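Notes follow once the structure below has been shown.
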Amino acid sequence: MLQILTKNQFPFVSFSSSFSVQMNPTNRFKRVASKPNKSVRLRQSSNDLERCTNQSSKSVTVRTSTRPSHKQTQPQPKLKIQSSPVSHPCVRDTTILPPHFFQIDALDLAPRLLGKFLRRDDVVLQITEVEAYRPNDSACHGRFGITPRTAPVFGPGGNAYVYLCYGLHTMLNVVADKEGVGAAVLIRACAPVCGLETIQQRRGQQTEKPILLTGPGKVGQALGISTEWSNHPLYSPGGLELLDGPEPDKILIGPRVGIEYALPEHVNALWRFAIAGTPWISAPKNTLRPP
Numbered sequence: 001m002l003q004i005l006t007k008n009q010f011p012f013v014s015f016s017s018s019f020s021v022q023m024n025p026t027n028r029f030k031r032v033a034s035k036p037n038k039s040v041r042l043r044q045s046s047n048d049l050e051r052c053t054n055q056s057s058k059s060v061t062v063r064t065s066t067r068p069s070h071k072q073t074q075p076q077p078k079l080k081i082q083s084s085p086v087s088h089p090c091v092r093d094t095t096i097l098p099p100h101f102f103q104i105d106a107l108d109l110a111p112r113l114l115g116k117f118l119r120r121d122d123v124v125l126q127i128t129e130v131e132a133y134r135p136n137d138s139a140c141h142g143r144f145g146i147t148p149r150t151a152p153v154f155g156p157g158g159n160a161y162v163y164l165c166y167g168l169h170t171m172l173n174v175v176a177d178k179e180g181v182g183a184a185v186l187i188r189a190c191a192p193v194c195g196l197e198t199i200q201q202r203r204g205q206q207t208e209k210p211i212l213l214t215g216p217g218k219v220g221q222a223l224g225i226s227t228e229w230s231n232h233p234l235y236s237p238g239g240l241e242l243l244d245g246p247e248p249d250k251i252l253i254g255p256r257v258g259i260e261y262a263l264p265e266h267v268n269a270l271w272r273f274a275i276a277g278t279p280w281i282s283a284p285k286n287t288l289r290p291p
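Sequential numbering of the sequence shown, starting at 1, is according to the UniProt record's numbering.
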């Protein structure tokens, strides 16, 4: 399992201060980095995860079905949000990311989300793989303009955009850039930090292997979210939050998955990002490489 480092083991560092990804006309990326004081490496330890899970999840009553619905949930006028009552040991001193963190190009935001934490009730996940979707991108939902389904993509950066894939899989996206732009970052895979028992029950799988969270539909199911969470501000305390986290030591890049319908220039664009050296990455892995 994955070991999540506590504050005493590493300083939380800002991704934006030490790492950025740039695109040139050939869709290749290069890493522009200043050496941080300390690098952070994700490591595995079932004992630490087990200890964290025991402290935060066993008193939680899970009401989410382990079998996903085949019908899209109709959005409700208002979503009732309750603040998370648990102070998770693994992220106790971590801060919620501010709105301006998200209001940049999706291609810049995507790699900066790696290592950050998603928190809902007793579940905390660490983001390990993402994909960027930009304006004028033939693979982006915003390419059709504002519709009832895609309207959240055009909201302000930092909001959630949740949609159903094939009417079955709940996909969580982080809206990027300024309001009206139409860009987002898809969360493709995560690693469990806290609430392992809740994650297993929601997923219907009693396993600690990466199959538990390596896929965007699995992440949405583990968080217990539906399309009602679209437009929810991830920078607002309570409900679903996006917290600051450690900078990965190394990353991998590659083409996005499942967008064969898009133009060749967008199919081949290296807009998929993952943390190097972690097993918590979705398939296919052989298309990923160092920048």
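Built from N, CA and C at the ideal position, the CB exists for glycine as well.
Computed from a predicted structure; not experimentally measured.
Next on the checklist: Going by beta-carbon coordinates alone, are GLU131 and ARG289 separated by less than 8 Å?
Outcome noted: no
Checklist entry - Rounded C-beta distance between CYS190 and TRP280? I'm assuming under 8 Å. => result 7 Å
Checklist entry - Does the distance from the C-beta atom of LEU252 to that of ALA283 stay below 8 Å? => result no
Next on the checklist: Which residue wins for smallest C-alpha separation from ALA176, given the options GLU129, PHE144, TRP229 and LEU186?
Outcome noted: LEU186
Next on the checklist: Output needed for PRO152: all residues of its chain with C-beta closer than 7 Å, excluding positions within five of it in sequence on either side, in chain order.
Outcome noted: For PRO152, where only same-chain residues beyond five positions count, the Cβ hits under 7 Å are ASN159, TYR161, VAL175, SER230 and ASN231.
Checklist entry - Are there 16 or more other CB atoms within 10 angstroms of the CB of THR170, so buried, or fewer, so exposed? => result buried
Item to check | Three-state secondary structure (DSSP) of VAL175 | outcome: strand
Checklist entry - For the beta strand (DSSP E) that contains ILE275, what are its first and last residues? => result 272 to 275
Checklist entry - Quick one, which of ASN173, PHE154 and ILE127 has its alpha-carbon nearest LEU114's? => result Taking the Cα of LEU114 as reference, the smallest distance to any Cα among ASN173, PHE154 and ILE127 is reached at ILE127.
Item to check | Host alpha helix (DSSP H) of LEU196 (start-end) | outcome: 196 to 203
Checklist entry - Exposed or buried, SER226, counting other C-beta atoms within 10 Å across all chains shown (16 or more means buried)? => result buried
Item to check | Local Cβ density within 10 Å of GLU241, reported as buried at 16 or more and exposed below that | outcome: buried
Checklist entry - To which residues does DSSP link ILE187 through a beta bridge? => result VAL130
Next on the checklist: Can you find the residues in the same chain that come closer than 6 Å, C-beta to C-beta, to ASN268, ignoring five residues on each side of it along the sequence?
Outcome noted: Hits under 6 Å: PRO255.
Checklist entry - Among residues of its own chain, excluding the 5 on either side of ARG28, which ones have a beta-carbon nearer than 6 Å to its beta-carbon? => result Its pLDDT being 42, under 50, ARG28 is placed unreliably in this model, and the value from its coordinates should be taken loosely. Result list for ARG28: empty, nothing under 6 Å.
Next on the checklist: Taking 8 Å as the limit between beta carbons, can you name the residues of its chain near ASN136, skipping five residues before and five after?
Outcome noted: ARG143
Checklist entry - Where does THR227 sit, in a helix, a strand or coil, going by DSSP? => result DSSP places THR227 in the helix class (H, G or I) of the three-state scheme.
Checklist entry - For GLN103, which residues of its own chain have a beta-carbon under 8 Å away from its beta-carbon, when the five flanking residues on both sides are left out? => result Counting only Cβ-Cβ distances below 8 Å, and skipping sequence neighbours, we find PRO156, GLY157, GLY158, ALA176, ASP177 and LYS178.
Item to check | Integer Cβ distance of GLY195 from VAL123, believed to fall under 8 Å | outcome: Contact holds; Cβ gap of about 4 Å.
Checklist entry - Which whole-angstrom value describes the C-beta separation of ARG149 and GLY224, a residue pair presumed to lie in contact below a C-beta threshold of 8 Å? => result Between the beta-carbon of ARG149 and that of GLY224 there is about 21 Å, and that puts the pair past the 8 Å contact cut.
Next on the checklist: Taking 7 Å as the limit between beta carbons, can you name the residues of its chain near GLN221, skipping five residues before and five after?
Outcome noted: Result list for GLN221: PRO68, THR170, ARG202 and ARG203, in chain order.
Checklist entry - CYS165 to GLY215, Cα distance in whole Å? => result If I take the Cα positions, the gap works out to 12 Å.
Next on the checklist: So for VAL257, helix, strand or coil by DSSP?
Outcome noted: coil
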